[in-house]
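Numbering (this note's numbering), first residue to last: -17 to 156.
The beta-carbon is built from N, C-alpha and C at its ideal position, and this holds for glycine as well.
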Amino acid sequence: MQGSELEKFYLFVERLVDSEARQVIQALYEEGGELSEADIAEKTGLKLNAVRRALNLLAEKGLVVYRRQRHPEKNRLVFYWRINYEGLPAIIEARRRAALERLRTLLEGEEGTYYYVCPNDGTKYTFEEALEHEFTCPRCGTMLVPDPDRELRIQILRQYVSLLEAEVNSARRR
């Protein structure tokens, strides 16, 4: 991965899990192979419990995998962790699809609902709520006006939906 791609990946991990998981992924990436939980704790400066928690969350998301091996001297299991490079494309693709569905739902909601806004405090009301209050703000009594930003929000949502659809479609063709 290149510098900006790597930073995007770290940011993705941080948003998906948290900042400790980002530190764990960074340590694993920089190592380039497997690390034990203790090695990760040493490299990141995190407590062992925080490392284990982050690793388990990352494993739940499919971002890391482990193998167990019995320690020859201590006669206990040691877990060696690595980044799941094979599974990353599918995970990222699934996140794209989920985001696309959320955006489509949001767009449908925006297109199907008309809002009215109080010019004083910006409070939004659906058409039904505005009608119920006779198109006056229940807080201050000011006349409600049609939402001036509705078309802009719809336009922006359409652009994001279009961009994500293009990414999802290009990934399918690969």
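Around the CB of Cys119, 16 or more other CB atoms lie within 10 Å, so the residue is classed as buried.
Judged by DSSP in its simplified three-state form, Tyr11 adopts helix.
Comparing alpha carbon positions, the residue from Thr26, Asn57 and Glu(-13) closest to Arg4 is Thr26. Annotation: the continuous alpha helix (DSSP H) that includes Val33 extends over Leu30 to Glu42.
By the neighbour-count definition (other C-beta atoms within 10 Å, threshold 16), Tyr107 is a buried residue. If you draw a straight line from the Cα of Leu113 to the Cα of Asp0, it is about 44 angstroms long.
Between Glu(-13) and Ala36, the gap from beta carbon to beta carbon reaches 7 angstroms or more. If you draw a 10 Å sphere on the C-beta of Ala9, you find 16 or more other C-beta atoms in it, and that means buried. Look at the segment 99 to 146 and you find these whole runs of beta strand (DSSP E), each 3 residues long or longer: 106 to 108. Secondary structure at Leu(-2): helix, using DSSP grouped into helix, strand and coil.
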